[in-house]
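Working notes, structure below.
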Amino acid sequence: MRQHLVSRVLLRRFENHRNSPICVFDLDGKVEKTSRVKHICHIQDFILVGAKETEGTWQTVEKRLPYAFELLDKKEILNDSAALDTFKDCIALHWARSIAVEEMYKKKSEIYANMLAENVLNKASPEEVLRALTGLDVLGPQAPTIAHERLRDYFRRATDKTKFKAKLFYKLFDRARSYVSEFALEFGIATEGELMLADTPVIAWNSSTRRVGPLQGVRWGQADVIFMALGPKHVVALTQHNTYRYIGEKEIERLNALQLQGALRYMYYRCGSSLGQKLRQML
114 MRQHLVSRVL LRRFENHRNS PICVFDLDGK VEKTSRVKHI CHIQDFILVG AKETEGTWQT
174 VEKRLPYAFE LLDKKEILND SAALDTFKDC IALHWARSIA VEEMYKKKSE IYANMLAENV
234 LNKASPEEVL RALTGLDVLG PQAPTIAHER LRDYFRRATD KTKFKAKLFY KLFDRARSYV
294 SEFALEFGIA TEGELMLADT PVIAWNSSTR RVGPLQGVRW GQADVIFMAL GPKHVVALTQ
354 HNTYRYIGEK EIERLNALQL QGALRYMYYR CGSSLGQKLR QML
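Going by the working numbering, the first residue of the sequence shown is number 114, and it counts up by one from there.
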């Protein structure tokens with residue numbers, strides 16, 4: 114199953130018109146291309162076991178977004194508590210199922226698989242391990258290396274067959290929803306300039322360390338600012354009172370710079386905005 118890590122409803126906010134392409138900037142190669150929303154920011158089988166349930170949760174929030182965006186564009190969002198909750202759930206959702214979480218999961222699961230493999234090889238010989246896993250007698254100086262690799266693969270596959278990642282998603286989603294529920298929302302409206310969107314849409318910034326997001330060690334409780342772009346002209350941030358705020362080009366540039374710092378590999382933006390040129394200057 115192909116699972117998106119950025120909502121297609123959110124990405125469509127960066128289209129010039131329905132089903133038009135948006136610009137994608139690859140930070141690794143410093144290359145700009147265009148792509149349709151359906152082809153952007155997804156992972157095949159991000160969650161294997163439990164995918165249907167987690168995808169259902171994702172779509173439940175996503176289906177509520179068009180109405181909330183309609184109210185935002187009309188500047189009527191503050192009058193609808195259900196729509197405000199939709200944006201809170203959108204923030205929590207993109208925190209729980211993101212490319213940043215996937216990268217952290219891969220790193221931690223690799224460490225865990227290595228640890229388990231070493232524990233097994235401390236109790237059994239490489240030859241015994243390979244006989245148990247393959248039914249073959251593998252001898253020679255390469256047996257320890259082969260046994261270690263086989264054990265790592267075995268533990269990785271075993272984890273994929275459980276509901277571990279699905280449970281992790283729900284744990285992170287519930288925790289994020291609980292955290293966000295304590296805040297109000299400030300909707301920034303750009304008077305000039307345009308916002309882009311990082312492949313890690315929820316940006317948590319710590320001012321003292323000048324770091325962004327979980328990949329740089331910033332947890333939500335450590336963040337001074339948490340925000341998410343909602344289109345070229347809108348951004349939402351956690352705050353103390355539900356409000357609107359008009360933001361100029363200098364602040365837009367600052368928000369884009371923070372998104373760039375927190376991105377893993379890709380930035381998305383409206384075609385024709387000249388943001389690709391600005392990105393090259395920022396890198």
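We treat Cβ as the ideally placed atom computed from N, Cα and C, and that holds for glycine.
Distance, residue j Cα to residue i Cα
i, j, result
"N287", "M341", "Before going on, a small fix: residue 287 reads as Asp here, not Asn. Looking at the two C-alpha atoms, the distance is approximately 18 Å."
"L396", "D141", "10 Å"
"L118", "F182", "19 Å"
"Y283", "L252", "45 Å"
"A205", "V242", "43 Å"
"N74", "P327", "Because the chain spans 114 through 396 in this model, residue 74 falls outside it and cannot be assessed."
"R290", "R125", "24 Å"
"R358", "E166", "37 Å"
"P345", "K280", "34 Å"
"Q390", "V144", "10 Å"
Start-to-end residues for the alpha helix (DSSP H) that takes in residue i
i, result
"C384", "C384 -> no alpha helix (DSSP H), and no H or E assigned at all."
"S291", "277-293"
"E241", "239-247"
"R121", "121-124"
Helix, strand or coil at residue i [DSSP, three-state]
i, result
"V325", "strand"
"V233", "helix"
"K176", "helix"
"A376", "coil"
"C203", "helix"
"L396", "coil"
"K146", "strand"
"I153", "coil"
Nearest residue (CA-CA) to residue i, options the options
i, options, result
"K187", "F300, I259, Y283, C384", "F300"
"Q335", "S320, I153, R367", "S320"
"V331", "K363, Q353, Q374, T356", "Q374"
"E362", "A303, E295, L246", "A303"
"I365", "A195, L351, Y267, L343", "L343"
"R324", "D337, T147, L123", "D337"
Interface flag, residue i vs chain C, CB-CB below 8 Å
i, result
"Q329", "Given the protein chain composition of this structure (a single chain), no chain C is represented."
Beta-carbon contacts of residue i that lie in its chain and below 7 Å, excluding the five residues immediately before and after
i, result
"Y292", "W333"
"N369", "L308, M309"
Terminal residues of the beta strand (DSSP E) in which residue i lies
i, result
"R131", "Neither: R131 is in no beta strand (DSSP E) and is coded neither H nor E."
"C136", "135-139"
"R358", "356-360"
Own chain partners of residue i with C-beta closer than 8 Å, once the 5 adjacent residues on each side are dropped
i, result
"R383", "F127, E128, N129, I135, C136, E307, P345"
Nonlocal neighbours in the same chain, by C-beta distance under 6 Å from residue i, ignoring five residues either side
i, result
"V150", "R121, L124, R125"
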